[in-house]
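Residue numbers (my numbering): 655 to 928.
The C-beta atom is built at its ideal place from N, Cα and C for all residues, glycine as well.
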């Protein structure tokens, strides 16, 4: 968001770290384009269009799926010579009014239309289109024809629908798992998921200053963290670098972001601390 004073410096720092090689990424060119106004995904893609010269993958930043699903999207586009491959997921039909729902042709392979947020009685299926796509360059040809929606945004679904009607060959790949990151509860759930999925998280006990400190896994503690005596840390706790925790604190199911400070005797449960 252009209104967030921390987001742009974060990505600028990340870009610099990539260029200096601290992330182990070689021969990668990254270009950031800022969408100054929130005018929809089709508008954002229009800003990026001058830098796109072939097939591309597009994703919302708050939509997380398993890595094999992304590989399947890319493989499907190649093997089926599709103009677009959509990420799809079966949902409870009662939730249809919160997302885009797809309708298939008689073969069940090709998508005929995307219905944006239909009421359950009007939904053509229970298969939702997630904000993750693989497109050919052809999609960019339809962006200038997209008109503002009722909420004043340029909807990507409109461009996809134009391509379906004009050129066809829009298909999808289903995923059984999808995680979102839109609020504090989502972030805490993601924290629990990855701490559990990656049990060998690094705990830098050498940075703890007080003893005894009780650690209840799963816990991740980054470098430079100072922890006072008689603290209980865990389960499901992630403490970012350079945090300072005074004595006698209790931390459960929480995240301390970089540089956070906790006074003696603090209890932090089900929270994110800045």
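Assign residue 738 to one of two classes, buried (16 or more other C-beta atoms within 10 Å of its C-beta) or exposed (fewer than that). Counting from one through the chain shown, the residue named residue 738 turns up at place 84. The residue in question, residue 738, is buried, as its Cβ has 16 or more Cβ neighbours within 10 Å.
Go ahead and pull the three-state DSSP assignment for residue 790. On the chain shown, residue 790 is found 136 positions in, with the first residue counted as 1. Three-state DSSP puts residue 790 in coil, outside helix and strand.
Report the three-state DSSP secondary structure of residue 895 (helix, strand or coil). Here residue 895 refers to the residue found at position 241 when the chain shown is read from its first residue. It is coil, neither helix nor strand.
Check whether residue 742 and residue 810 have beta carbons under 8 Å apart: In the chain shown, the residue the question calls residue 742 occupies position 88. In the chain shown, the residue the question calls residue 810 occupies position 156. No, they are not a contact pair.
Fully enclosed by the segment 800-887, which alpha helix (DSSP H) runs are 4 residues long or longer? 810-820 and 838-851
Using the Cα positions of residue 913 and residue 868, report the straight-line distance between them to the nearest angstrom. Residue numbering aside, residue 913 sits at position 259 when the chain shown is read from its first letter. Residue numbering aside, residue 868 sits at position 214 when the chain shown is read from its first letter. Roughly 21 Å between the two C-alpha positions.
Helix, strand or coil for residue 906 per DSSP? Here residue 906 refers to the residue found at position 252 of the chain shown. Note: residue 906 maps to strand in three-state DSSP.
Tell me where the beta strand (DSSP E) around residue 724 begins and ends. Within the chain shown, numbered from 1, the residue matching residue 724 stands at position 70. Looking at the DSSP string, residue 724 is not in any beta strand (DSSP E); the run it does join, the alpha helix (DSSP H), is 721-734.
Could you tell me the boundaries of the beta strand (DSSP E) in which residue 740 lies? Indexing the chain shown from 1 puts residue 740 at position 86. Note, residue 740: beta strand (DSSP E), 738-744.
Helix, strand or coil for residue 711 per DSSP? Taking the first residue of the chain shown as 1, we reach residue 711 at position 57. DSSP places residue 711 in strand when its eight states are reduced to three.
Range of the contiguous beta strand (DSSP E) that encloses residue 757: Here the question's residue 757 lines up with position 103 in the chain shown. Where residue 757 is concerned, the enclosing beta strand (DSSP E) stretches over 754-758.
Exposed or buried, residue 796, counting other C-beta atoms within 10 Å across all chains shown (16 or more means buried)? Taking the chain shown and counting its residues from 1, the one referred to as residue 796 is at position 142. Residue 796 is buried by the Cβ-count criterion.
Inter-residue spacing [alpha-carbon to alpha-carbon] between residue 915 and residue 786: Within the chain shown, residue 915 is the residue found at index 261, counting from 1. Within the chain shown, residue 786 is the residue found at index 132, counting from 1. Whole-angstrom Cα-Cα distance: 37 Å.
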